[in-house]
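Chains as they are written, first to last, in our numbering: chain A, 13 to 317; chain B, 13 to 317; chain C, 53 to 316; chain D, 53 to 316. Glycine residues also receive a C-beta, built at the ideal position from the N, C-alpha and C atoms. First comes the structure, then the notes that go with it.
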Ligand SMILES: Cc1cc2nc3c(=O)[nH]c(=O)nc-3n(C[C@H](O)[C@H](O)[C@H](O)COP(=O)(O)OP(=O)(O)OC[C@H]3O[C@@H](n4cnc5c(N)ncnc54)[C@H](O)[C@@H]3O)c2cc1C
Ligand SMILES: Cc1cc2nc3c(=O)[nH]c(=O)nc-3n(C[C@H](O)[C@H](O)[C@H](O)COP(=O)(O)OP(=O)(O)OC[C@H]3O[C@@H](n4cnc5c(N)ncnc54)[C@H](O)[C@@H]3O)c2cc1C
Ligand SMILES: Cc1cc2nc3c(=O)[nH]c(=O)nc-3n(C[C@H](O)[C@H](O)[C@H](O)COP(=O)(O)O)c2cc1C
Ligand SMILES: Cc1cc2nc3c(=O)[nH]c(=O)nc-3n(C[C@H](O)[C@H](O)[C@H](O)COP(=O)(O)O)c2cc1C
Ligand code: FES
Ligand code: FES
């Protein structure tokens with residue numbers, strides 16, 4: 013038997029596998045196909061204070077070993093979420109992480125204040141959505157804004173606050189340090205890379221929003237590098253995301269320094285990806301003689317050091 | 013018949029297909045397998061003032077739809093290049109672009125001064141190598157340094173100076189604007205994305221240098237986005253690179269705003285990639301009723317504008 | 053809530069039948085899908101590319117546990133699928149989506165254009181099983197591009213074939229043929245028009261149905277990823293109850309929508 | 053200088069022969085490669101993964117235009133290659149690299165470890181063709197993992213099989229067997245030791261050859277991309293003429309190097 017429980021700061025997870033935001037809805041559809049209580053947790057679709065219609069279609073473009081999406085934070089708004097979705101999520105027997113995005117510091121603060129009163133386990137601040145013009149990625153590309161946003165948000169809630177960072181920056185380490193200074197409880201790496209796909213016949217972008225966020229195995233090397241880089245710079249727990257398709261990928265992120273991992277695009281190709289990957293992780297650990305998944309964390313031995 | 017000649021600033025190329033730096037050597041090996049006079053030009057392997065041994069092996073890691081390399085600018089140094097390689101390159105009947113990398117502004121300047129006296133067609137400033145500690149990508153991540161470096165280099169040579177930028181930045185547009193202000197004659201987008209691959213059994217990075225540069229189709233959406241983004245911001249000719257594997261990919265870069273394109277990793281999978289891709293481009297143009305490849309340039313029609 | 057409802061099926065290709073240079077019917081051994089699929093639903097098929105490919109269900113042979121799919125080659129993914137050979141295996145998600153609503157209908161007119169005739173054939177099959185009177189209109193560019201004509205003719209109901217090129221029953225689009233049909237057709241209560249095909253054709257069909265005060269259901273296409281409602285990439289613009297427009301998911305809220313709510 | 057020397061070949065698999073659970077010999081129809089390949093050279097094979105896979109040439113049947121490759125499954129790429137069936141096609145670059153130098157040799161001792169016995173078999177084949185006296189040492193973990201024993205035995209020369217497990221001629225590594233052989237072997241001028249296998253084994257073989265003052269050539273392995281010398285990723289550390297160490301390209305400067313220059 014392999015022990016799977018992990019800690020992300022003060023939050024105990026029964027295992028390190030979380031469903032990433034935006035690729036699992038609010039768990040309702042996925043619950044038809046697998047027992048969600050087997051997961052470590054679910055990150056909700058990104059929420060905004062008010063409902064958002066999202067971007068015009070098409071919203072997806074296939075790329076080599078990946079995809080671009082330009083959903084643009086379509087969501088029913090925080091109120092409807094709290095009323096219609098959270099009770100269901102809460103019943104599934106795994107941790108509930110709420111992914112929030114705001115236009116402004118005020119909006120982030122208001123959402124966190126309201127979430128403080130709810131039975132969610134953690135708040136994942138989306139500082140990284142490449143598909144909306146305002147807030148989000150702009151804030152997430154500026155160390156000072158990251159620090160100040162998190163500091164203010166932390167005044168509003170005692171829930172663990174996770175900062176989900178964008179890879180579209182010159183120095184991910186600087187952003188992570190800023191999040192640490194601001195008081196984040198964990199850092200989630202990475203959101204999507206900003207990309208473009210063109211229909212060469214029509215000479216139009218394939219996506220209705222022109223650009224979109226690149227996800228899937230194509231970005232795994234970038235994500236893994238950022239996790240390893242940040243793990244050498246900050247003392248916070250890290251959550252690794254980006255192109256994880258199987259148990260081996262997931263373990264690589266633990267080795268690079270992640271305490272937990274999130275599965276995004278893989279769930280779109282295979283609805284049971286999260287539970288499958290957890291099984292693969294424990295099988296690999298067993299074959300490796302590793303009795304506790306947490307043992308992998310941060311065991312990467314760099315060359316020449 | 014499709015007209016293939018293009019202009020990159022003052023430089024006339026017989027067609028828009030260039031061999032990218034680092035994946036074509038100095039053309040010697042490739043000349044065995046194809047007629048290099050069919051190419052628009054060849055970018056030399058990245059050169060430094062003095063010979064460089066490069067990084068310890070392994071220097072390559074396969075990734076999903078791409079690869080990481082950590083060659084680290086192994087090269088014989090400028091002198092040996094000028095003596096042993098340039099004459100051969102010059103004889104091939106296509107443009108010769110010399111890719112140069114320096115530790116410091118002084119080194120870049122000295123190399124450009126010396127190249128000014130040689131029959132090379134253009135100098136490609138490598139401001140973007142992720143595999144060496146000093147200079148290069150550090151300079152290329154800072155708009156002020158880019159501007160000042162190019163301004164100084166331009167004092168040393170009348171050759172066209174191309175700035176090859178790194179994608180590992182928050183705003184590629186700002187870097188391109190800096191290059192324009194400095195006086196660059198063209199902008200080359202993009203070099204590799206910094207990434208990491210881990211051998212999950214040994215818990216070691218696969219690359220001897222730990223991290224490496226991600227290239228290949230995995231990065232095409234990022235490269236295409238950067239070309240389109242920069243083409244809206246600067247007036248300089250752009251050269252598109254990143255994941256081009258076939259004629260359709262190449263034409264997408266022209267549509268996004270590139271005047272010419274470079275083929276990198278594709279040449280490693282298929283030695284004749286450059287000439288094959290040129291043929292595919294003209295065949296597609298013919299099927300499209302396009303009589304001049306230059307007609308594609310910058311014809312991307314964004315949505316909602 | 054925590055049932056293990058199997059959604060992913062590893063299925064074997066039973067046979068492959070080429071209809072013309074662009075179209076192939078694949079028969080899959082997929083008993084669970086055959087047992088539960090409803091007309092208008094689709095499956096999401098694995099191929100060598102990163103994303104799955106959504107393909108409507110053309111027919112099921114419930115007793116044999118077989119599912120038929122009509123595939124029109126438009127790019128690399130469909131080319132690869134059309135080249136599958138007996139014995140090949142592929143991963144299939146399905147049945148997916150919200151199909152045509154046949155409950156309470158006494159008569160159905162299916163109006164298909166191009167590869168839209170595939171999923172509507174399944175409607176015809178089910179109408180026969182349920183004793184619903186069904187007529188069919190099929191439109192093509194030309195007789196050369198026409199598909200499933202024998203199959204539709206074999207249904208034994210009134211069937212009109214239209215071709216833009218003028219080389220079939222009616223010269224013109226499927227909507228032109230529908231108009232001709234509606235002119236001569238005695239009205240029957242609880243008649244509905246169900247349509248699938250190119251968007252402009254469906255829009256014309258919906259307008260015509262409206263003129264004749266017939267309810268109309270349309271099957272929309274949108275680029276998809278998951279096919280199961282979790283990623284929100286397959287947004288279709290619809291008019292909500294309150295008159296405002298919003299996005300619904302083509303994959304689970306559709307692909308079949310009431311023509312009335314579609315924002316064309 | 054602008055010849056169109058064909059380097060990429062689309063070849064068909066003629067046959068596939070499984071040697072044991074981990075090893076397969078693939079026979080490819082590749083007349084141009086068969087015609088020109090020299091022992092120690094390799095080919096770079098396409099597979100479903102992004103990069104090609106370098107595999108040494110095990111033998112050629114020049115008249116039939118066939119090339120044999122011995123493949124040991126260590127990961128996904130070699131697994132896929134080992135599963136190729138007759139009629140399958142693959143893209144092959146080759147013949148590549150700088151093989152063993154046999155010119156002027158009167159006697160050759162090949163020392164192979166594990167899958168290193170594959171490319172050395174080609175050396176034996178060519179020695180026979182050229183009338184060079186050749187002996188062979190093959191080392192394995194155990195008799196179960198041993199490969200090509202019949203083929204080597206069939207060469208008709210003195211052949212020693214070693215196994216760590218002690219269940220073959222000599223108990224121990226290939227280097228132990230080589231030592232035994234060298235002890236009893238009357239010296240012949242122009243004798244060379246050619247070795248291929250795990251690095252520590254080759255290092256031991258090279259040390260032994262040095263002790264016996266025999267020139268030694270070793271075949272190195274390094275991760276590769278192009279295989280043709282343009283990308284510099286396959287760096288091997290060697291001692292240059294001036295005594296300094298530097299990198300050479302495994303793919304074109306090697307894979308065979310004089311043991312003397314190798315920095316172990
Ligand atoms: C609900 C539904 C039912 C469908 N039923 C059928 C059917 O029965 N028979 C049939 O031949 N085709 C059907 N299609 C269309 C079919 O999905 C596309 O033709 C196919 O995805 C194209 O893939 P490709 O790789 O050949 O083309 P490419 O253009 O290379 O595909 C690139 C990407 O765009 C997507 N894409 C391209 N065209 C479409 C499209 N029209 N709709 C959705 N995604 C698209 C692909 O899935 C892929 O992700 C249906 C589509 C939907 C949404
Ligand atoms: C010149 C040369 C000759 C070779 N000859 C043979 C032979 O005759 N028979 C044989 O079975 N094997 C041979 N090999 C080793 C063979 O290339 C590797 O076993 C194979 O590339 C592994 O691929 P994989 O996908 O199965 O493994 P993975 O580990 O999944 O491969 C991942 C990546 O690492 C590379 N890689 C992994 N191991 C090696 C290795 N040992 N050498 C080089 N690259 C590696 C792969 O090519 C790929 O790029 C040779 C290697 C070289 C360099
Ligand atoms: C369709 C889609 C929607 C997404 N929506 C969100 C979101 O609402 N909030 C967020 O923080 N990340 C969102 N993401 C990013 C993912 O959570 C994840 O960070 C990213 O896709 C990289 O991981 P992956 O390669 O495993 O998908 C979305 C990704 C996809 C593909
Ligand atoms: C093995 C290798 C070596 C490279 N060496 C250089 C170099 O010396 N100088 C440089 O500017 N770019 C170098 N590059 C980057 C390429 O020129 C190109 O910008 C990048 O690989 C993206 O294009 P691609 O996806 O077509 O390969 C190298 C790339 C590879 C794969
Ligand atoms: S395709 Fe994912 S929600 Fe419809
Ligand atoms: S593999 Fe490219 S130089 Fe050797």
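Helix, strand or coil at residue i according to DSSP, with G and I counted as helix
i, result
"residue 164 of chain A", "helix"
"residue 274 of chain D", "coil"
"residue 224 of chain B", "strand"
"residue 297 of chain A", "helix"
"residue 123 of chain C", "strand"
"residue 261 of chain B", "helix"
"residue 35 of chain C", "With chain C covering only 53 through 316, there is no way to say anything about residue 35 of chain C."
"residue 281 of chain A", "helix"
Segment limits, beta strand (DSSP E) that includes residue i
i, result
"residue 54 of chain A", "53 to 55"
"residue 248 of chain D", "243 to 248"
"residue 253 of chain B", "250 to 253"
"residue 213 of chain C", "211 to 215"
"residue 176 of chain A", "173 to 176"
"residue 199 of chain B", "198 to 201"
"residue 291 of chain C", "287 to 291"
"residue 311 of chain C", "Note, residue 311 of chain C: premise wrong, no beta strand (DSSP E); not H, not E."
Any non-hydrogen atom of ligand 6 within 8 Å of residue i CB
i, result
"residue 277 of chain D", "yes"
"residue 151 of chain C", "no"
"residue 308 of chain D", "no"
CA nearest to the CA of residue i, picked from the options
i, options, result
"residue 111 of chain D", "D/97, D/203, D/101", "D/203"
"residue 133 of chain B", "B/35, B/52, B/185, B/160", "B/52"
"residue 163 of chain A", "A/107, A/182, A/152, A/192", "A/192"
"residue 236 of chain B", "B/249, B/255, B/222", "B/255"
"residue 109 of chain A", "A/313, A/93, A/205", "A/93"
"residue 249 of chain D", "D/269, D/284, D/67", "D/269"
Ligand 5 heavy atom lying under 8 Å from the CB of residue i
i, result
"residue 304 of chain C", "yes"
"residue 280 of chain A", "yes"
"residue 104 of chain D", "no"
"residue 146 of chain C", "no"
"residue 301 of chain C", "yes"
Proximity test, residue i beta-carbon vs ligand 2 heavy atom, cut-off 8 Å
i, result
"residue 128 of chain D", "yes"
"residue 42 of chain B", "no"
Any non-hydrogen atom of ligand 3 within 8 Å of residue i CB
i, result
"residue 286 of chain B", "no"
"residue 281 of chain C", "no"
Endpoints, the alpha helix (DSSP H) within which residue i is located
i, result
"residue 106 of chain C", "Not the alpha helix (DSSP H): residue 106 of chain C falls in the beta strand (DSSP E), residues 105 to 108."
"residue 218 of chain B", "Careful: residue 218 of chain B lies outside any alpha helix (DSSP H) and carries neither H nor E."
"residue 43 of chain B", "40 to 43"
Cβ-heavy atom distance, residue i to ligand 1, below 8 Å
i, result
"residue 99 of chain C", "yes"
beta-carbon residue i near ligand 4 non-hydrogen atom, thresh 8 Å
i, result
"residue 232 of chain B", "yes"
Open item on the list: Restricting to runs no shorter than 4 residues, where is the alpha helix (DSSP H) found entirely within the region 58 to 96 of chain C?
Closed with: 83 to 88
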